[in-house]
């Protein structure tokens, strides 16, 4: 059970930044929303609101490392779980712009050695929207042999072992959210660029966006705030991620980096207009899922406002990166104490002034 009083004490005196006057926040100042959420859930972590890639409200609560009593800071590094899929998708779209990949060509064009029958029916689009039909052989093996999570495999080995199963359904027929889709994407990126996946993402996406505190190296992941299953007493929750899982959930980042990335990707010409259209076109309406992330429609002051909605959930990490597609507001939430992801989404809604979801 969360010790809420301890959390509140931990949050007292930690960094709080609001560069806008109170009158600019409308009916409810973010402090009111944050205070209520901390009181009700025991939230620990980072809250950041901003516009055009710049924060105008930052609040940190509690500890990043509970045992060491190291407070959460605005630049604390957290594992970002499935937000890695969004960064991967941006990289794929940049390669599409260069003519090196094609979202809708048979997968065998990107991977000529892939099994021909399945590869003729699969496309990168279906992989990026988690509707490929590939079976989740990775999870099946990991449940049978937990040491798999600590076993290093090359991309080729992972692709051969997990990524070439018989299709469970026709590509595009339904949603099936699992990492095997993204192992195949890694292989396609590496063949298109001739580079290791993380090097390709660094050179194509992270460095051009100026995301200096984002990456998937062992050193960076080791430097992230630890993940917790429980707070009182603190019980850590391991988050082993091998390089062949980097695309689906292997990156770490900070709130300032994510805020910057959302603005530059969604609001500027870092991507072409066509790439931005592809990134935000919902492919699986029942899941609000586009390519590499979701697009939700918020109701704010009686208006429908589309928002890029990237979430991350692995071990005890819970994250939200919500960006109004009209460019007027971004919210970043980072937590490492296993709160409900639905509750985190509702917290983000409230901070954006959106009506509660149904």
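In mature numbering (1 follows the signal peptide of the UniProt record, and there is no 0), the protein residues as written are -24 to -1, 1 to 334. Quick reminder that beta carbons are idealized off the backbone N, C-alpha and C, glycines included.
Asked, Found
"Check each candidate in 20, 158 and 12 and name the one with the smallest Cα separation from residue 57.", "158"
"Quick one, which of 4, 198, 133 and 40 has its alpha-carbon nearest residue 313's?", "40"
"Taking 8 Å as the threshold, find out whether the segment 53 to 68 comes into contact with the segment 252 to 269 through three or more Cβ pairs.", "yes"
"Taking 8 Å as the threshold, find out whether the segment 251 to 258 comes into contact with the segment 203 to 214 through three or more Cβ pairs.", "no"
"Alpha carbon to alpha carbon, what distance is there between residue 79 and residue 297?", "25 Å"
"At the level of alpha carbons, what is the spacing between residue 263 and residue 257?", "12 Å"
"Between 231, 166 and 150, which has its C-alpha nearest residue 188's C-alpha?", "231"
"So what's residue 6 in DSSP terms, helix, strand or just coil?", "helix"
"How many angstroms separate the CA atom of residue 259 from the CA atom of residue 283?", "15 Å"
"Go ahead and label residue 308 buried or exposed: buried means 16 or more other beta carbons lie within 10 angstroms of its beta carbon, across all protein chains shown.", "buried"
"Given this structure, state the Cα-to-Cα distance separating residue 329 from residue 24, to the nearest angstrom.", "14 Å"
"When the cut-off is 8 Å and only beta carbons count, does residue 58 lie next to chain B?", "Of the protein chains in the structure, only one exists, and it is not chain B."
"Can you give me the Cβ contacts of residue 86 inside the same chain, cut-off strictly under 7 Å, excluding the 5 residues immediately before and after it?", "77, 100, 164, 167 and 168"
"Are the segment 133 to 151 and the segment 192 to 199 touching by the rule of at least three beta carbon pairs closer than 8 Å?", "no"
"If you drop the 5 nearest sequence neighbours on each side, which residues of the same chain put their C-beta closer than 7 Å to that of residue 13?", "19 and 323"
"Which stretch, first to last residue, makes up the beta strand (DSSP E) that contains residue 210?", "210 to 212"
"By the 10 Å Cβ neighbour count, where 16 or more other Cβ atoms means buried, how is residue 277 classified, buried or exposed?", "exposed"
"Counting Cβ pairs closer than 8 Å, one from the segment 100 to 110 and one from the segment 120 to 137, do we hit at least three?", "no"
"May I have the straight-line CA-CA distance separating residue 47 from residue 285, to the nearest angstrom?", "27 Å"
"Straight-line CA distance for residue 320 to residue 178?", "29 Å"
"Which value, in whole angstroms, describes the spacing of the CA atoms of residue 132 and residue 114?", "14 Å"
"What residues in its chain sit with their C-beta under 7 Å from that of residue 29, if we drop five residues either side in the sequence?", "235, 236, 239 and 240"
"Quick one: give me the first and last residue of the beta strand (DSSP E) that residue 42 is part of.", "That residue, residue 42, is in no beta strand (DSSP E); it is neither H nor E in DSSP."
"So, are the CB atoms of residue 27 and residue 272 less than 8 Å apart?", "no"
"Determine, using beta carbons only, whether residue 247 and residue 37 come nearer to each other than 8 Å.", "no"
"Along the beta strand (DSSP E) that carries residue 362, what are the first and last residues, could you check?", "The shown model of the chain, from -24 to 334, leaves out residue 362, and the question about it has no answer."
"Measure the beta-carbon distance from residue 34 to residue 327 and round it to whole angstroms, keeping in mind my assumption that it falls under 8 Å.", "Wrong, their Cβ atoms sit about 12 Å apart, outside the cutoff."
"Count the other CB atoms, across all protein chains shown, that sit within 10 Å of the CB of residue 244; report buried if there are 16 or more and exposed otherwise.", "exposed"
"Roughly how many angstroms lie between the CA atoms of residue 54 and residue 82, to the nearest whole one?", "36 Å"
"Count the other C-beta atoms from every protein chain shown that fall within 10 angstroms of the C-beta of residue 170, then say buried if there are 16 or more, exposed otherwise.", "exposed"
"If we count the other Cβ atoms within 10 Å of its Cβ and call it buried at 16 or more, is residue 261 buried or exposed?", "exposed"
"State the Cα-Cα distance for the pair residue 318 and residue 15, rounded to the nearest angstrom.", "17 Å"
"Output the distance between the C-alpha atoms of residue 112 and residue 228, rounded to the nearest integer angstrom.", "24 Å"
"Grab me the residues of residue 51's own chain with a C-beta within less than 8 Å of its C-beta, minus the 5 sequence neighbours each way, in chain order.", "189, 230, 231 and 232"
"In angstroms, rounded to a whole number, what distance separates the CA positions of residue 205 and residue 75?", "44 Å"
"Restricting to Cα atoms, I'd like to know which of 49, 97 and 226 is closest to residue 145.", "97"
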